[in-house]
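S.K.: Just so we're aligned: the sequence shown equals residues 1 to 471 in the UniProt record's numbering. Encoded as structure tokens, here's the structure I'll be asking about.
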Amino acid sequence: MTRWATNSPVAATGLALVLVALVATLDHATGYELRFAMLYLIPIALATWAGGLRAGVAIVVLSSFFWLVSFGSSHPYSGDFFFYWEGVVMVVVYIAFVLLLARLRVALTRADERFVRVLEELHAAVYVADQDSGRILYANRSLARMIDAEPGALSADELGKRFGLGEANAGSTPGEDKESSTAQIVAREVRDPISGRWYLVQVVPIPWKSSRRVSVQVITDISEKKRAKALKQQHQDMLHQTARLAALAEIASSLAHEVNQPLMAIASYNDACLRMLAAPGIEKKELVTALKRSREQALRAGKIISRVRDFIRSRRPSPTHFDINALIRESLELLETQLEDNAVTAELSLSEAPLMTHADRTLLLQVIVNLLQNAIDAMEETEPSCRQLEVSSTEAADGAIVVSVSDQGVGIPEEIAVRLYTPLFTTKSHGLGLGLSICRSVVEAHGGRIWHSADPVSGCTFHFTLPPEID
Numbered sequence: 001m002t003r004w005a006t007n008s009p010v011a012a013t014g015l016a017l018v019l020v021a022l023v024a025t026l027d028h029a030t031g032y033e034l035r036f037a038m039l040y041l042i043p044i045a046l047a048t049w050a051g052g053l054r055a056g057v058a059i060v061v062l063s064s065f066f067w068l069v070s071f072g073s074s075h076p077y078s079g080d081f082f083f084y085w086e087g088v089v090m091v092v093v094y095i096a097f098v099l100l101l102a103r104l105r106v107a108l109t110r111a112d113e114r115f116v117r118v119l120e121e122l123h124a125a126v127y128v129a130d131q132d133s134g135r136i137l138y139a140n141r142s143l144a145r146m147i148d149a150e151p152g153a154l155s156a157d158e159l160g161k162r163f164g165l166g167e168a169n170a171g172s173t174p175g176e177d178k179e180s181s182t183a184q185i186v187a188r189e190v191r192d193p194i195s196g197r198w199y200l201v202q203v204v205p206i207p208w209k210s211s212r213r214v215s216v217q218v219i220t221d222i223s224e225k226k227r228a229k230a231l232k233q234q235h236q237d238m239l240h241q242t243a244r245l246a247a248l249a250e251i252a253s254s255l256a257h258e259v260n261q262p263l264m265a266i267a268s269y270n271d272a273c274l275r276m277l278a279a280p281g282i283e284k285k286e287l288v289t290a291l292k293r294s295r296e297q298a299l300r301a302g303k304i305i306s307r308v309r310d311f312i313r314s315r316r317p318s319p320t321h322f323d324i325n326a327l328i329r330e331s332l333e334l335l336e337t338q339l340e341d342n343a344v345t346a347e348l349s350l351s352e353a354p355l356m357t358h359a360d361r362t363l364l365l366q367v368i369v370n371l372l373q374n375a376i377d378a379m380e381e382t383e384p385s386c387r388q389l390e391v392s393s394t395e396a397a398d399g400a401i402v403v404s405v406s407d408q409g410v411g412i413p414e415e416i417a418v419r420l421y422t423p424l425f426t427t428k429s430h431g432l433g434l435g436l437s438i439c440r441s442v443v444e445a446h447g448g449r450i451w452h453s454a455d456p457v458s459g460c461t462f463h464f465t466l467p468p469e470i471d
């Protein structure tokens, strides 16, 4: 009734006039014994809701006029004061009723306008569909822009097929639905076959009058988000490749020396074998021992090359679950020869319990190797007996994993520290200036951070954090 009165104010006002005449007739026909005057509130309410304050006041004036000219002329009062007092009370009640109803009407209208305005200004397309008849009961302007047509030109079924809602309404796969206490929300990402854009489509049934099956569809354009995600993946791939190239440049100078040791040992054992074969009396046992040792050195050289090849091999990032302590030990094994050649003693202070994380294992291996290599280089001018490197791991109060690499080098001057993570800045004659910059990018890409601190006596400590593994 209220919706009809709002949509048809002229008809509602006409009906109010008819009701005023009907109430006046009933009141007069019963001799004013039943006092139908309070029924004037019905046409007053109808006119106020349909036409607002002015229409309501007009019906009040008309109703009061009928009451004055008919009731007062036939109903005896002991004094005129009582007649006018009853009239004043009745008019005041009517006017107060009109004012309250008019304020309620304005408040509801403004609330409805605000709600509609919010929906109209949304970037997401929103429409309400009758699932039984297929009619669209409401659609905001964003839907018209999205489909480049008037929503009324398409049915709910046609929109459902275009945005994959038909499948969403029919059923959903585990992990795509989110259930609440009142309704089941279905959300999925779909690609519009016409525009080629990506959308997040959310469907939720809502209660409606007459037990109709009605649902709200919210369609959000996520094409830019998809594009940004793809671009981020490309940057991650580029970072992954650059990190390996930088790592290759850093270890290329030491690779020849690492491989040269087992090769020289092989050459020495081969010379020994040749001398034994040329001698008149061949000691078979010594010959076999020399050949075995030569084979061991060949395997050692192959192992070094294999580890370096795996280390710098190009591949896509592949996050896995692993123990950071095991990765630290593997990093030290990779630099075992350099530690020995530079007379550096490595000490481990790792947590007793495994520190599990979910990250790209190879990228983090490169981070730790780079920090270890920097620590070794920083102690070149330190007395060999004082060249001590310490690697520690612990779990912070917030659950984050903290890895620290400390050296006993000369430390980092303040003027260098401010540019330490700047790409292409290096203090090494053979460096590229990419190591720490890439380390920071890798750590931050995994949700952590990297920083350094000066030790009280000498040297420097680099720290980085990683988020813990989430069950």
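In this text, a Cβ means the ideal position worked out from N, Cα and C, and glycines have one as well. On a predicted model such as this, the values are computed, not experimentally measured, just so you know.
Using the Cα positions of Val186 and Val201, report the straight-line distance between them to the nearest angstrom.
M.R.: The straight-line gap from Cα to Cα measures roughly 8 Å.
S.K.: Work out the CA separation of Arg212 and Leu19 for me, nearest whole Å.
M.R.: Roughly 33 Å between the two C-alpha positions.
S.K.: Report the option in Ala11, Trp67, Val10 and Pro384 whose CA atom is closest to the CA atom of Ala37.
M.R.: Out of Ala11, Trp67, Val10 and Pro384, Trp67 has the C-alpha closest to the C-alpha of Ala37.
S.K.: Give the range of the beta strand (DSSP E) segment to which Glu189 is assigned.
M.R.: From DSSP, the beta strand (DSSP E) with Glu189 extends over Gln184 to Arg191.
S.K.: Ser314 to Ser441, Cα distance in whole Å?
M.R.: Caution applies to Ser314, whose pLDDT of 47 falls short of 50 and renders its modelled position unreliable; the value that the coordinates give is listed next. Roughly 18 Å separates the two Cα atoms.
S.K.: Along the alpha helix (DSSP H) that carries Leu389, what are the first and last residues, could you check?
M.R.: From DSSP, Leu389 is part of no alpha helix (DSSP H) but of the beta strand (DSSP E) over Gln388 to Glu395.
S.K.: By the three-class DSSP mapping on this structure, what secondary structure does residue 490 have?
M.R.: Only positions 1 to 471 of the chain appear in this structure, which leaves residue 490 out of reach.
S.K.: Could you check the C-alpha separation between Val259 and Arg197 for me, to the nearest Å?
M.R.: Cα-Cα distance, rounded: 54 Å.
S.K.: Here's a check: name, in chain order, each residue in its chain whose Cβ is nearer than 6 Å to the Cβ of Ala290, leaving out the five neighbours to either side.
M.R.: Cβ neighbours of Ala290 beyond the five flanking positions: Tyr269, Ala272 and Cys273.
S.K.: Buried or exposed for Leu299, please, with buried defined as at least 16 other CB atoms from any protein chain shown within 10 angstroms of its CB.
M.R.: Leu299 is exposed by the Cβ-count criterion.
S.K.: Roughly how many angstroms lie between the CA atoms of Ala168 and Ala228, to the nearest whole one?
M.R.: Interpretation of Ala168 is limited by its pLDDT of 39, a score under 50 that renders its predicted location unreliable; the figure taken from the coordinates is listed afterwards. Cα to Cα, the separation comes out at about 26 Å.
S.K.: Give every residue of the same chain whose Cβ lies closer than 6 Å to the Cβ of Val344, excluding the five residues on either side of it in the sequence, and list them in chain order.
M.R.: Correct list, in chain order: Ile376, Arg387 and Leu389.
S.K.: When burial is assigned at 16 or more other CB atoms within 10 Å of the CB, is Thr13 buried or exposed?
M.R.: Buried is the call here.
S.K.: In angstroms, rounded to a whole number, what distance separates the CA positions of His123 and Ser142?
M.R.: Cα to Cα, His123 sits roughly 6 Å from Ser142.
S.K.: Go ahead and label Leu424 buried or exposed: buried means 16 or more other beta carbons lie within 10 angstroms of its beta carbon, across all protein chains shown.
M.R.: Since pLDDT at Leu424 reaches only 45, below the 50 mark, its modelled position is unreliable, and the value read off the structure follows with that caveat. When all chains shown are included, Leu424 counts as exposed.
S.K.: Considering Thr465, what are the terminal residues of the beta strand (DSSP E) in which it resides?
M.R.: First-last of the beta strand (DSSP E) with Thr465: Cys460 to Leu466.
S.K.: For Asp360, report the span of its beta strand (DSSP E) as first-last.
M.R.: Asp360 -> beta strand (DSSP E) spans Met356 to Asp360.
S.K.: Return the chain-ordered list of same chain residues with a C-beta closer than 7 Å to the C-beta of Pro319, the five sequence neighbours on each side being excluded.
M.R.: Once the five neighbours on either side are set aside, the close Cβ partners of Pro319 are His358, Ala359 and Asp360.
S.K.: Pull up the CB-CB distance for Ser64 and Gln131, whole angstroms please, since I reckon it's below 8 Å.
M.R.: 50 Å between Cβ atoms; not a contact.
S.K.: Find out if the Cβ-Cβ distance for the pair Ala129, Gln217 is shorter than 9 Å.
M.R.: Yes, Cβ-Cβ distance for Ala129 and Gln217 is below 9 Å.
S.K.: What is the residue span of the alpha helix (DSSP H) that Asp27 lies within?
M.R.: Pro9 to Ala29 is the extent of the alpha helix (DSSP H) around Asp27.
S.K.: Touch check for the segment 345-354 and the segment 451-460: three-plus C-beta pairs under 8 Å?
M.R.: Because the criterion of three Cβ pairs below 8 Å is not met, the segment 345-354 and the segment 451-460 do not touch.
S.K.: Does the segment 401-410 come into contact with the segment 329-336, if we say contact requires no fewer than three beta-carbon pairs (one atom in each stretch) closer than 8 Å?
M.R.: Segments in contact, no.
S.K.: Using a Cβ-Cβ cutoff of less than 6 Å, which residues in the same chain neighbour Val190 once the five nearest sequence positions on both sides are dropped?
M.R.: These residues qualify, in order along the chain: Phe163, Gly164, Tyr199 and Val201.
S.K.: Which ranges does the beta strand (DSSP E) cover as unbroken runs of at least 3 residues, wholly within the segment 81-140, from first to last along the chain?
M.R.: List check, beta strand (DSSP E) in window: 125-130 and 136-139.
S.K.: For Pro354, I'd like the list of residues in its chain whose CB is within less than 7 Å of its CB, leaving aside the five on either flank, ordered along the chain.
M.R.: The answer, listed in chain order, is Asp323 and Asn325.
S.K.: Mapping the DSSP letters down to three states, classify Ile401 as helix, strand or coil.
M.R.: Three-state DSSP puts Ile401 in a strand.
S.K.: Report all residues from its chain with a CB closer than 7 Å to the CB of Leu287; omit the five preceding and five following residues, and keep chain order.
M.R.: Counting only Cβ-Cβ distances below 7 Å, and skipping sequence neighbours, we find Cys273 and Met276.
S.K.: Are the beta-carbon atoms belonging to Ile55 and Ala24 less than 9 Å from one another?
M.R.: Inspection of the sequence shows that residue 55 is occupied by Ala rather than by Ile. No. Outside cutoff.
S.K.: Note down, in chain order, each residue of its chain lying with its Cβ closer than 6 Å to the Cβ of Ile412, except the 5 sequence neighbours on either side.
M.R.: Around Ile412: Cys460.
S.K.: What's the call for Trp451, buried or exposed, on a 16-neighbour Cβ count within 10 Å?
M.R.: So Trp451 ends up on the exposed side.
S.K.: Can you tell me which of the three DSSP states Trp451 falls into?
M.R.: The answer is strand: DSSP assigns Trp451 an E or B state.
S.K.: In angstroms, rounded to a whole number, what distance separates the CA positions of Val106 and Ala96?
M.R.: Cα to Cα, the separation comes out at about 15 Å.
S.K.: Cα separation between Val98 and Leu26?
M.R.: When rounded, the distance between both Cα atoms is 23 Å.
S.K.: Return the bridge partner residues of Ala346 from the DSSP annotation.
M.R.: In the DSSP output, where bridge partners are listed per residue, Ala346 has Leu389.
S.K.: Kindly indicate which three-state DSSP category Gly431 falls into: helix, strand or coil?
M.R.: Because the pLDDT at Gly431 is just 46, under 50, the model does not fix this residue reliably, and the value given afterwards should be weighed accordingly. Note: Gly431 maps to coil in three-state DSSP.
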